[in-house]
Amino acid sequence: MAACYSGRCVGLLRHASEACVMLLQVMPFPAQTVAPEVYSPRSLALGATIVAPGSSSDFDQTIREIGNILHDPADTGKEYKLVYSGHQGAYSGVTYVGYVYSSDGVNWTKGGKLTLGANRASEDPYLVKVGSTYYLYVEDKSDVPFRDIRCYTSTDFVTWADQGEVLGPTTGWEAQDVSSPTVFREGATWYMLYEGRASGQEGAIGLATSSDGLTWTRSASNPVVRGQNASFGFAGAISWSNGIVPDDIIKTGSTYVLHFHGRGFNSGVWDFRAGVATSSDLIDWTDAIGAPLASISRDCTTMLHPQAGTFIYVFPGEGIRMALPGAGDPDWSSVVVYVPGYAFGDEDRFNDIGFNWNEVTSFGNTKGVVGGSATASSSILLDGSGDYLTVSPAPEANLGSSDFTIEAWVKRAATGQMMIVTKAGSSLSAEAWYLDHTGTDLRFVYRINSTTVAVLSSSTAMTVGTWYHVAVERSGNTFRLYKNGIVLNTVTDSRPIQSVSTAVGIGARIHPTPLYFNGRIEGVRISKVARYGGAFTPPTAPFPVGPVGA
Numbered sequence: 002m003a004a005c006y007s008g009r010c011v012g013l014l015r016h017a018s019e020a021c022v023m024l025l026q027v028m029p030f031p032a033q034t035v036a037p038e039v040y041s042p043r044s045l046a047l048g049a050t051i052v053a054p055g056s057s058s059d060f061d062q063t064i065r066e067i068g069n070i071l072h073d074p075a076d077t078g079k080e081y082k083l084v085y086s087g088h089q090g091a092y093s094g095v096t097y098v099g100y101v102y103s104s105d106g107v108n109w110t111k112g113g114k115l116t117l118g119a120n121r122a123s124e125d126p127y128l129v130k131v132g133s134t135y136y137l138y139v140e141d142k143s144d145v146p147f148r149d150i151r152c153y154t155s156t157d158f159v160t161w162a163d164q165g166e167v168l169g170p171t172t173g174w175e176a177q178d179v180s181s182p183t184v185f186r187e188g189a190t191w192y193m194l195y196e197g198r199a200s201g202q203e204g205a206i207g208l209a210t211s212s213d214g215l216t217w218t219r220s221a222s223n224p225v226v227r228g229q230n231a232s233f234g235f236a237g238a239i240s241w242s243n244g245i246v247p248d249d250i251i252k253t254g255s256t257y258v259l260h261f262h263g264r265g266f267n268s269g270v271w272d273f274r275a276g277v278a279t280s281s282d283l284i285d286w287t288d289a290i291g292a293p294l295a296s297i298s299r300d301c302t303t304m305l306h307p308q309a310g311t312f313i314y315v316f317p318g319e320g321i322r323m324a325l326p327g328a329g330d331p332d333w334s335s336v337v338v339y340v341p342g343y344a345f346g347d348e349d350r351f352n353d354i355g356f357n358w359n360e361v362t363s364f365g366n367t368k369g370v371v372g373g374s375a376t377a378s379s380s381i382l383l384d385g386s387g388d389y390l391t392v393s394p395a396p397e398a399n400l401g402s403s404d405f406t407i408e409a410w411v412k413r414a415a416t417g418q419m420m421i422v423t424k425a426g427s428s429l430s431a432e433a434w435y436l437d438h439t440g441t442d443l444r445f446v447y448r449i450n451s452t453t454v455a456v457l458s459s460s461t462a463m464t465v466g467t468w469y470h471v472a473v474e475r476s477g478n479t480f481r482l483y484k485n486g487i488v489l490n491t492v493t494d495s496r497p498i499q500s501v502s503t504a505v506g507i508g509a510r511i512h513p514t515p516l517y518f519n520g521r522i523e524g525v526r527i528s529k530v531a532r533y534g535g536a537f538t539p540p541t542a543p544f545p546v547g548p549v550g551a
């Protein structure tokens with residue numbers, strides 16, 4: 002969540018271990034004149050940690066969810082307050098709300114855990130202030146099963162009065178529970194967007210209104226934002242997602258811009274991805290993009306800071322971190338696969354965050370590693386014995402006669418032949434191409450058909466323990482092979498490459514004899530465009546995500 006103050010908007014994320022989401026809150030909405038598109042950033046790079054997790058004896062050993070920033074100019078030295086929730090040990094539903102404060106919105110100090118009721122467990126915190134009274138909305142975690150939204154009020158930010166349940170489940174689409182309150186006031190009316198769930202449906206967004214922030218009336222049009230869920234009996238406004246949860250809202254001109262997170266199937270589990278919807282009345286919503294926002298990791302959304310251009314992330318075990326917008330990729334729509342490293346917050350999860358959002362599956366003991374990478378990001382650790390990833394369905398990785406660029410950073414941990422990136426199945430008829438290093442030669446091997454194979458290769462050493470950027474591209478009929486931006490070899494070939502249904506492999510080719518990569522790989526990107534056309538300087542940062550200006 003986030004708050005706007007003095008015309009500046011800071012974005013935050015919440016639900017770190019379920020989904021990093023964010024709600025922009027304006028209390029009341031200020032006049033905004035920027036285009037709605039300003040609030041759809043897609044290209045980000047991680048920055049510094051601004052709030053670290055606590056010790057094993059602290060309530061915030063793991064910072065689970067961020068709430069919002071409240072601008073509170075009357076409280077000298079604590080003009081900015083950020084609420085969040087955390088837990089000790091493994092997550093078991095027992096979480097508590099704490100806060101950090103700042104005098105400048107940049108440097109933060111922990112203020113400790115808030116005592117809510119009789120030390121009630123709570124999460125999904127969201128803070129507003131009206132006059133001299135603070136209103137803190139939370140998902141109540143003390144009632145089991147978790148079902149309702151609760152409110153606490155305070156005039157000194159120390160002693161909190163329990164106002165009880167302000168919104169609970171009813172019937173139908175929200176019969177199981179309500180959560181994720183997103184509250185703002187416009188004029189004399191308070192508005193709340195919230196998530197409702199029922200058995201068999203993954204969540205939708207409801208709208209409620211109030212005259213005092215405590216007694217709420219649901220909209221007769223609920224749910225106002227739906228995903229693609231058969232339980233509703235019809236297609237929702239957000240066709241790419243199953244469940245929908247509100248994250249962030251701002252009004253610019255006459256348009257409400259809502260950031261939300263939705264669920265899609267990835268890596269064998271349901272992943273949360275960010276999206277943007279717009280409305281003129283909070284009832285009828287349109288998917289502003291028609292697809293998830295690209296992000297630097299799974300389960301996170303962002304909100305643009307119009308002046309400073311900064312964002313805030315939260316990752317379990319890593320605390321609350323800043324992020325900066327990147328330049329964007331002018332050829333973003335050509336990126337058919339991009340697996341940068343591992344999914345932050347989970348070393349066993351990997352994502353394709355390219356334009357097509359393919360599913361990634363890991364095999365063996367494949368792990369993600371932070372630090373020591375080629376691009377100050379994360380990398381994929383492979384042990385050379387059954388470890389690899391597949392990216393599927395990735396039909397766009399059938400290259401045919403198209404221009405393309407296949408590239409990655411690699412660091413060998415042993416000698417011998419190793420597969421880097423492949424599209425090769427269980428037989429020659431299922432093999433399209435692969436990029437490998439034989440121990441002496443870097444090669445791009447591609448098939449015209451099951452009996453005709455072509456090889457572009459160059460004798461070049463790749464020292465164990467050293468990072469190298471490797472690439473192959475096709476521009477028209479010209480193929481080029483690169484190491485560290487230097488053209489190693491060129492060949493001319495007008496023939497199309499065989500198309501197959503095989504998944505893209507990272508670190509392995511299974512046929513005819515299994516061959517694996519032993520070491521680390523990162524920044525695997527396949528683009529349907531010739532990116533270099535000759536010698537170039539390899540990137541030293543993760544590739545930009547999203548189109549230019551997004």
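Count along the sequence shown from 1, add 1, and you get the number used in our numbering.
Ideal placement from N, C-alpha and C gives every residue a C-beta, glycine not left out.
| message | Using the three-state DSSP reduction, which class does PRO396 fall into: helix, strand or coil? | response | In this structure, PRO396 counts as helix in the three-state DSSP scheme.
| Hey, quick one: how far does the beta strand (DSSP E) through ASP125 stretch, first residue to last? | 123 to 131 is the extent of the beta strand (DSSP E) around ASP125.
| request: Identify which residue in PRO224, GLU124 and SER430 has its Cα closest to the Cα of PRO170. | output: Taking only the C-alpha atoms, the option nearest PRO170 is PRO224.
| Thinking C-alpha only, which one of LYS142, THR77, ILE51 and SER386 is nearest SER93? | When each option's Cα is compared against that of SER93, the closest is LYS142.
| message | ALA409 and ALA472 - do their beta-carbons sit closer together than 9 Å? | response | Yes, the pair counts as a contact, with Cβ atoms nearer than the cut-off.
| Is GLU175 helix, strand or coil when you go by DSSP? | In the structure shown, GLU175 sits in a helix (DSSP, three-state: H, G or I).
| said: Could you tell me the alpha carbon to alpha carbon distance between ARG481 and ARG532, rounded to whole angstroms? | reply: The alpha-carbon separation between ARG481 and ARG532 amounts to approximately 11 Å.
| task | Grab me the residues of ALA536's own chain with a C-beta within less than 7 Å of its C-beta, minus the 5 sequence neighbours each way, in chain order. | result | Here the set comprises GLY486, ILE487 and VAL488.
| said: At the level of alpha carbons, what is the spacing between LEU208 and VAL226? | reply: Within the model, the alpha-carbon separation for LEU208 versus VAL226 is close to 9 Å.
| How many Å lie between LYS368 and ALA199 at the Cα? | The alpha-carbon separation between LYS368 and ALA199 amounts to approximately 35 Å.
| field | Where ALA431 sits in the DSSP three-state scheme | value | When secondary structure is reduced to three states using DSSP, ALA431 falls in the helix class.
| field | Nearest candidate by alpha-carbon position, reference VAL131, set LEU71, ALA278 and ARG521 | value | Nearest C-alpha to VAL131 among LEU71, ALA278 and ARG521: LEU71.
| said: Measuring straight from C-alpha to C-alpha, what distance separates ALA433 and ASN450? | reply: Distance between the alpha carbons of ALA433 and ASN450 is about 8 Å.
| task | Using the DSSP secondary-structure output, state which residues sit across from GLN202 in a beta bridge. | result | Beta-bridge pairing links GLN202 to ALA199.
| message | Do SER495 and GLY534 count as a contact pair if the criterion is CB distance below 9 Å? | response | No.
| message | One question on the structure: do VAL392 and VAL340 come within less than 9 Å of each other, judged by their Cβ atoms? | response | Cβ distance < 9 Å, so VAL392 and VAL340 count as in contact.
| message | Which residue marks the beginning of the beta strand (DSSP E) containing TYR102, and which one marks its end? | response | Looking at the DSSP string, the run of the beta strand (DSSP E) that includes TYR102 is 97 to 103.
| request: Pick out the complete beta strand (DSSP E) segments inside the stretch 474 to 534, 3 residues or longer, and give them in chain order. | output: 479 to 484, 487 to 493, 505 to 507 and 519 to 528, all fully within the stretch 474 to 534.
| Looking at the structure shown, is TRP161 part of a helix, part of a strand, or coil, going by DSSP? | Three-state result, TRP161: coil.
| field | C-alpha distance - PHE163 paired with ASP149, whole-angstrom precision | value | First, the residue type needs correcting, since residue 163 is Asp and not Phe in the sequence shown. The alpha-carbon atoms of ASP163 and ASP149 are separated by roughly 14 Å.
| Distance, SER57 Cα to ASN120 Cα | Going by the C-alpha atoms only, they are around 19 Å apart.
| In the structure shown, what three-state DSSP assignment does TRP191 receive? | Secondary structure at TRP191: strand, using DSSP grouped into helix, strand and coil.
| task | Locate the beta strand (DSSP E) running through GLU66, then write down its first and last residues. | result | That run of the beta strand (DSSP E) goes 63 to 72.
| Reference GLY291, options LEU436, ASP249 and ILE239, closest by Cα | For GLY291, the closest of LEU436, ASP249 and ILE239 by C-alpha to C-alpha distance is ILE239.
| Status (buried if at least 16 other CB within 10 Å, exposed otherwise) for ASP105 | Exposed: under 16 other Cβ atoms inside 10 Å.
| How many Å lie between ARG448 and SER502 at the Cα? | C-alpha separation (whole angstroms): 14 Å.
| query | What number of angstroms, rounded off, separates the C-alpha of ARG219 from the C-alpha of TYR100? | reply | Taking the Cα positions, ARG219 is about 30 Å away from TYR100.
| said: Please report the distance separating the alpha-carbon of LYS484 from that of ARG274. | reply: Roughly 34 Å between the two C-alpha positions.
| request: Compare the beta carbon distance of GLU474 and PHE405 with 9 Å and say whether it is the shorter of the two. | output: Yes, these two residues count as a Cβ contact at 9 Å.
| Residue nearest to PRO543 in terms of C-alpha spacing, selected from SER379, ALA509 and ALA189 | Taking only the C-alpha atoms, the option nearest PRO543 is SER379.
| query | Quick one, which of GLY254, GLY520 and TYR136 has its alpha-carbon nearest LYS82's? | reply | Here the closest residue by C-alpha is TYR136.
| said: Let's see if you can read the secondary structure: which residues bound the beta strand (DSSP E) around ASP249? | reply: ASP249 -> beta strand (DSSP E) spans 245 to 253.
| task | State the start and end residues of the unbroken beta strand (DSSP E) segment that holds TYR153. | result | 150 to 155 is the span of the beta strand (DSSP E), which, as asked, contains TYR153.
| Outcome for THR464 when other beta-carbon atoms lying within 10 angstroms are tallied against a minimum of 16 | Exposed, since its Cβ has fewer than 16 Cβ neighbours within 10 Å.
| Per DSSP, the bridge partner or partners of ASN223 | Checking the DSSP bridge columns, you'll see ASN223 has no partner listed.
| task | Give the single residue among GLU187, ASP353 and THR423 whose Cα lies nearest to the Cα of SER212. | result | The shortest C-alpha separation from SER212 is found at GLU187.
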